[in-house]
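Novice: Take this structure, written in structure tokens, and hold onto it; I'll ask about it next.
In this note's numbering, the protein residues as written are 996 to 1141.
See below:
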């Protein structure tokens, strides 16, 4: 057996070990596809969520849905009145023209640092909205792994 044949077998063994270790590392990464086909981490350190209230129950549960190890660490947006938005990207929420001015402060006070909180959607909770119809509450919030 000449030395070039031994080197060839050594390279093959090295490649097998390299591929084996790469597949082992890849199998430990938790990645899934979102609706757009983009790769996302299924267990992120933090994520943004959006909530609309239940009209018939007049309350809204703001909750980190992934698991109990996440807590609400930021209220990105909150409006009680006639806001628009609450999309998948959570970037298009807009204040309406008749919202209650203390909404953000009240939502922060009731929800920050908790896994979930329940808000009663009413003028008594947030103050008068001055809206005539279609009154709603939209909250966009960030959940972070505790």
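The C-beta atom is built at its ideal place from N, Cα and C for all residues, glycine as well.
None of the values given here were measured: they were computed from a predicted structure.
Bridge partners of residue 1069, per DSSP?
Specialist: 1137.
Novice: What's the C-alpha gap between residue 1099 and residue 1107?
Specialist: For residue 1099 and residue 1107, the distance between alpha carbons rounds to 11 Å.
Novice: Cβ of residue 1124 within 8 Å of Cβ of residue 1133?
Specialist: Their beta carbons are not under 8 Å apart, which means residue 1124 does not touch residue 1133 by this criterion.
Novice: Tell me which same chain residues have a C-beta within less than 7 Å of the C-beta of residue 1121, skipping the five on either side of it?
Specialist: So the qualifying residues of the chain are 1075, 1095, 1097, 1098, 1101.
Novice: Buried or exposed for residue 1060, please, with buried defined as at least 16 other CB atoms from any protein chain shown within 10 angstroms of its CB.
Specialist: Result: exposed.
Novice: Hey, quick one: how far does the alpha helix (DSSP H) through residue 1100 stretch, first residue to last?
Specialist: Taken as a continuous stretch (DSSP letters only), the alpha helix (DSSP H) holding residue 1100 covers 1098 to 1106.
Novice: May I ask you to report which of helix, strand or coil DSSP gives residue 1119?
Specialist: Looking at residue 1119 - three-state DSSP - the assignment turns out to be helix.
Novice: Thinking C-alpha only, which one of 1128, 1127, 1041, 1114 is nearest residue 1053?
Specialist: When only C-alpha atoms are compared, the closest one is 1114.
Novice: Roughly how many angstroms separate the alpha carbons of residue 1140 and residue 1127, rounded to a whole number?
Specialist: Cα to Cα, residue 1140 sits roughly 40 Å from residue 1127.
Novice: Who are the near neighbours of residue 1064 in its chain, counting only those whose CB is closer than 8 Å to its CB and skipping five residues on each side?
Specialist: The residues are 1140, 1141.
Novice: Return the CA-CA distance between residue 1111 and residue 1081, expressed in angstroms with no decimal places.
Specialist: Approximately 18 Å between the Cα atoms of the pair.
Novice: Any beta carbon from chain D within less than 8 Å of residue 1056's own beta carbon?
Specialist: Absent from the structure is chain D; it holds one protein chain and no more.
Novice: Quick one: residues in its chain with C-beta nearer than 7 Å to the C-beta of residue 1118, no 5 flanking neighbours on either side, listed in chain order?
Specialist: These residues qualify, in order along the chain: 1124.
Novice: Any idea what DSSP makes of residue 1053, helix, strand or coil?
Specialist: Residue 1053 falls in the coil class under three-state DSSP.
Novice: Straight-line CA distance for residue 1104 to residue 1041?
Specialist: Roughly 20 Å separates the two Cα atoms.
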